[in-house]
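With the numbering used here applied, the sequence shown has no gaps in its numbers, which climb one by one up to 229 at the end. No residue lacks a Cβ here, since even glycine has one placed at the ideal position from N, Cα and C.
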Amino acid sequence: MKSRKTHRANIEKTVPFFFRIGLITSITLAIVAFEWKSPYTIEEPEEEPWDPPIEITLKPIKFKIEKPLELPVEDKKTIVEKPIPIDEPDPVKKKTEEPIEQKDVPDGFMPDNEIPEKLDPMPVLLGAEIQPSFPGGESERVKFITDETEYPKMARKEGLTGRVFVSFVVNPNGEISDIKILKDIGGGCGAEAVRVVKKMPNWIPGRQGGKNVPVLMTMELNFNLNYGY
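Written out as structure tokens, the structure is:
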């Protein structure tokens, strides 16, 4: 009976000791748990791939403005002839000349040694009171050019189109002369225009002051692959 009480008393004495040890251990583990630092890595978000901006530079566009064709116009100028100085002959002793018997000369007779005077050519006018005209009128002129003009092979092959300007003189008798190309597009079109103008019949001449006069004329021939000449 005595031994049981002693054993129980010993147990009751040791309980507070073990309780303290357990309490201290629990508190220590709790502190260690709060203070424990585990290493960690913060992953930064990956940057999306970025392309540098592309700068596009537009080159300035240059527009070519064609100047209108200016046809050469001859100005009317008044020609003033300068007096030609005449050298006076040296004085010569007068000779006694025998009188020459004069004979009646029929009208229209001209001695063999006498040269007829040359008449100065009439000036070419840029315009007249009555302009030269194609026989039959403007419609006949257009029809003639359309029928007679052939598109040059070289110009057709290279696809050349455009206008050819030529000038010519209608003489007092209606004949055509002094044909010149004022503007050409190449490919033989200018030569073809000259050929057609040479082939034209005589025109009705221009008149100024009631007389036939030479007049400068300008003509346009349009070469077009789609619509003929």
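With 16 or more other CB atoms across the displayed protein chains lying within 10 angstroms of its CB, A193 is buried.
Taking V169 as reference, the option from F19, P16, N226 and P132 with the minimal CA-CA separation is P132. Looking at the DSSP output, Q208 sits in a beta bridge with K211.
For L221, the closest alpha carbon among the candidates T146, V164 and F19 is that of V164. In the structure shown, G162 adopts extended strand secondary structure according to DSSP, grouped into three states. Residue state for F168 is assigned as strand, using DSSP reduced to three classes.
When the five nearest sequence neighbours on each side are left out, the beta carbons in the same chain lying within less than 7 Å of the beta carbon of D178 are those of F168 and V169, in order along the chain. The beta-carbon separation of P214 and V142, rounded to 24 Å, does not stay under the 8 Å limit for a contact. Close CB contacts of K180 within its chain, under the 7 Å cut and outside five residues either way in sequence, are with V166 and S167 (chain order). Annotation: K199 to E158 spans about 26 Å, alpha carbon to alpha carbon. According to the DSSP assignment, D147 belongs to the alpha helix (DSSP H) that extends over E138 to E148.
Residue environment for P121: exposed (fewer than 16 other C-beta atoms within 10 angstroms of its C-beta). In the displayed model, I185 falls within coil according to three-state DSSP, outside both helix and strand.
Taking 8 Å as the upper bound for CB-CB distance, E175 and N202 are in contact here, some 6 Å apart. Secondary structure of E192 (DSSP, three-state): helix.
By the neighbour-count definition (other C-beta atoms within 10 Å, threshold 16), N173 is an exposed residue. Beta-carbon to beta-carbon, I130 and R207 are separated by about 4 Å, close enough to satisfy the 8 Å threshold.
Less than 8 Å separates the beta-carbon of G187 from that of M154.
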